[in-house]
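J.: Residues in the sequence shown are numbered from 2 upward in steps of one, following this note's numbering.
We put the CB at the ideal spot given by N, CA and C, even for glycine.
Bear in mind the structure is a predicted one, so any value in this text is a computation, not a measurement.
First the structure, then my questions, so here it is.
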Amino acid sequence: MPVPGLAPYDPNNIFARILRAEIPCRKVFENQHALAFHDINPQAPTHILVIPKNPYVSIADFTALASDAEIAGLLRALTHIARLLNLDTTGYRILANMGHHAGQEVPHLHFHLFAGHNLGPMLANAG
Ligand code: AMP
């Protein structure tokens, strides 16, 4: 059931097709709740996308509709992957775009995990 006011899920978006293995990805990690793979157009030396297995457009419908186990599973996958990649000491940035003003391109919830050098200010231009 879509959440009132939020866009319905498009089952043909590119990450849905990756989840169905119709399109390849460079997989980093997978468990029952999450799939993680390298971004095709990396914006940092390490740029991983972490997505839920189930169909959510964004953080908004995810937090409205997902079970507590799914929410915890996805968040724990994020920090687990960071640890797998030895990022705890040097640090990393996690970012999720939601909707038009944030520039969300792919309508399946994804967390960007950036790392590998000094990532600079949080926003290039928020004005
Ligand atoms: P966003 O703008 O937050 O929706 O980010 C979408 C991200 O998905 C961008 O960083 C793209 O480079 C990335 N992307 C798009 N298609 C693919 C793909 N087939 N495999 C991996 N990453 C992709």
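1) List the whole-angstrom C-beta distance separating residue 48 from residue 40, where the pair is believed to meet the contact cut-off of C-beta under 8 Å.
2) With hydrogens ignored, establish whether the beta-carbon of residue 106 is closer than 6 Å to any heavy atom of ligand 1.
3) Going by DSSP, what residue range makes up the alpha helix (DSSP H) through residue 94?
4) Beta-carbon within less than 8 Å of residue 57's beta-carbon, same chain only, minus the 5 sequence neighbours each way: which residues are those?
5) Can you determine whether any heavy atom of ligand 1 sits closer than 6 Å to the C-beta of residue 11, and answer yes or no?
6) Can you tell me which of the three DSSP states residue 71 falls into?
7) Do residue 51 and residue 112 come within 7 Å of each other at the CB atom, strictly closer than that value?
8) What residues match up with residue 48 in a beta bridge as DSSP calls it?
9) Nearer than 6 Å: is that true of the beta carbon of residue 60 relative to any heavy atom of ligand 1?
10) Who pairs with residue 31 in a beta bridge, going by DSSP?
11) What span of residues does the alpha helix (DSSP H) with residue 41 cover, start to end?
12) Take residue 107 and list the residues in its own chain whose beta-carbon comes closer than 7 Å to its own, dropping the five residues that flank it on each side.
T.: Well, looking at it:
1) 4 Å
2) yes
3) Element bounds for residue 94: not the alpha helix (DSSP H) but the beta strand (DSSP E), 94-96.
4) 10, 63, 66, 67, 109, 110
5) no
6) helix
7) yes
8) 115
9) no
10) 36
11) Premise fails: residue 41 is in no alpha helix (DSSP H) and is neither H nor E.
12) 14, 15, 16
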